[in-house]
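Following: one structure in structure tokens, then a few remarks.
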Amino acid sequence: LGRVTSIACRFGVPRLELPGFRSDPTLGGGALFDVGCYPISAVHALFPESAASVAYASVESRDGWPLDTDGHAVLELSNGAVAVLEWRINGAYRNEIDVWGDRGSAFTDKIFSKPADYVPLFRLRDLRGQETIETGHAADHFVLMLQNFSGMIDDKLALESERRRIERSADVMDRIWSDGQRKRGQEV
715 LGRVTSIACR
725 FGVPRLELPG
735 FRSDPTLGGG
745 ALFDVGCYPI
755 SAVHALFPES
765 AASVAYASVE
775 SRDGWPLDTD
785 GHAVLELSNG
795 AVAVLEWRIN
805 GAYRNEIDVW
815 GDRGSAFTDK
825 IFSKPADYVP
835 LFRLRDLRGQ
845 ETIETGHAAD
855 HFVLMLQNFS
865 GMIDDKLALE
875 SERRRIERSA
885 DVMDRIWSDG
895 QRKRGQEV
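This note's numbering puts the first residue of the sequence shown at 715, with every later residue one more than the last.
As structure tokens, this is what we get:
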């Protein structure tokens, strides 16, 4: 892809019959903490050494929902890339990432949550827009997540790296929340 100049990432889920914690403010519910964390974490996974500043943030609550239902953010990364992130609960399903570089681009859907038997397709475009499709491998993302976690337990360097990544994501989420609430005229 060459030097990555922008990332667009969306994650949204429809209204659930039993929303559980998602509708309970005392349990940390709401769109940002439920699904907004995924696009933010994706940016930090792609660019673990780049700092992110929040250029724009919006956090909204729609249709009388007691918590935030959706949001948007534009992050400017210290490597020069820009990330446009969107998240939503109680809306149409979206689960995708598009990475655009100065020599090509890559797109895939179901980047976050997916069935264990799902075979991902990666749409790659070269400098002239010629598309090729690469096929990934089916895998249970929960199993992979737990394997990754168990592999870090005795690896102090990996554990510290993960701690720093989580801390960076939490800091960006705090700034998005604060900026988004300020735009809505609410106290932070």
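Ideal placement from N, C-alpha and C gives every residue a C-beta, glycine not left out. Remember, predicted model here, so these are calculated numbers, not experimental data.
Integer-rounded CB distance, given that residue j should sit under 8 Å from residue i
i	j	result
Leu838	Thr849	Between Thr849 and Leu838 the Cβ distance is about 11 Å, and since that is not below 8 Å, they are no contact.
Glu810	Asp823	4 Å
Gly734	Ile890	Not really, about 23 Å apart at Cβ, beyond 8 Å.
Ser767	Ser883	Not a contact, Cβ separation roughly 14 Å.
DSSP three-state assignment for residue i, whether helix, strand or coil
i	result
Leu841	coil
Trp801	strand
Leu730	coil
Ser875	helix
Phe821	strand
Leu715	coil
Val902	At Val902 the pLDDT is 48, less than 50, meaning the model places this residue with poor confidence; the figure from the coordinates comes in the next sentence. Coil at Val902, not helix or strand.
Gly778	coil
Val757	helix
DSSP bridge partner residues for residue i (one or two, in chain order)
i	result
Met720	At residue 720 the sequence reads Ser, which differs from the Met that was named. For Ser720, which the question treats as bridged, DSSP gives the partners Val796, Trp814.
Thr783	DSSP, once it has assigned bridges, lists no residue as partnering Thr783.
Glu763	Answer is none; Glu763 lacks a bridge partner.
Thr846	Leu838
Ile772	The amino acid occupying residue 772 in the given sequence is Ser; Ile does not appear at that position. His786.
Arg808	Gly726
Leu791	Ala766
6 Å Cβ shell around residue i - same chain, five flanking residues per side excluded
i	result
Leu799	Cys723, Pro753, Ala787
His855	none
Cys751	none
Tyr826	The question names Tyr, but residue 826 is Phe in the sequence shown. These residues qualify, in order along the chain: Phe725, Tyr752, Asn809.
Sequence-distant residues of the same chain with beta carbon closer than 7 Å to residue i, five excluded per side
i	result
Leu715	Val813, Gly815, Arg817, Gly818, Ser819, Ala820
Ala852	Ala830, Asp831, Tyr832, Val833
Pro762	Arg879
Asp840	Gly818
Asp868	none
Contact check, residue i vs residue j, beta carbons under 8 Å
i	j	result
Ala797	Val757	yes
Met859	Leu746	no
Leu791	Ser764	yes
Gly726	Leu781	no
Glu805	Pro728	Correcting the residue type first, residue 805 is Gly in the shown sequence and not Glu. Yes, the pair counts as a contact, with Cβ atoms nearer than the cut-off.
Thr783	Arg802	yes
Val773	Gln861	no
Val769	Leu789	Note that residue 769 corresponds to Ala in the displayed sequence, not to Val. Yes, Cβ-Cβ distance for Ala769 and Leu789 is below 8 Å.
Contacting residues, own chain, Cβ-Cβ under 8 Å from residue i (five flanking each side not counted)
i	result
Thr719	Gly794, Ala795, Val796, Trp814, Gly815, Asp816
Ala872	Gly865, Met866
Ser737	Gly743, Trp779, Pro780, Leu781
Asp777	Thr783, Asn804
Glu876	Met866
Proximity test, Cβ basis, 8 Å: residue i and chain C
i	result
Leu760	Among the chains in the structure shown there is no chain C, since it carries only a single protein chain.
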